[in-house]
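Per our numbering, the very first residue in the sequence shown carries number 387; after that it's consecutive. This report refers to the structure that appears directly beneath it.
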Amino acid sequence: MQETKRRRGHPKAEGPTKDKTICLRVLESTYRQIKQYSAERGTSVAIIVNEAIEEYLQSKIK
Numbered sequence: 387m388q389e390t391k392r393r394r395g396h397p398k399a400e401g402p403t404k405d406k407t408i409c410l411r412v413l414e415s416t417y418r419q420i421k422q423y424s425a426e427r428g429t430s431v432a433i434i435v436n437e438a439i440e441e442y443l444q445s446k447i448k
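Right, here's the structure in full:
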């Protein structure tokens, strides 16, 4: 009889669920970094996100 290995963390996702899980993990990590940066700068997360979006869009125009 084969032993069942205990899995840690999240069960393995497949397809769109896997993509969503990866996306959420990246988003969570990015949000933590932005939050820390906003605390260092003394500005809100929204302002930093808006600045980053504007900068990104400007780089696409050039």
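For each residue, glycine too, the CB sits at the ideal point set by N, CA and C.
Query: Please work out which residues of its chain come closer than 7 Å, Cβ to Cβ, to Ser424, disregarding the five sequence neighbours upstream and downstream, and give them in chain order.; Result: Ser430, Val431, Ile434
Query: At the level of alpha carbons, what is the spacing between Lys404 and Thr416?; Result: 18 Å
Query: DSSP on Thr429, reduced to helix/strand/coil?; Result: coil
Query: Helix, strand or coil, according to DSSP, for Glu400 in the structure here?; Result: coil
Query: Please report how far the alpha carbon of Leu410 lies from the alpha carbon of Gln444, in whole angstroms.; Result: 26 Å
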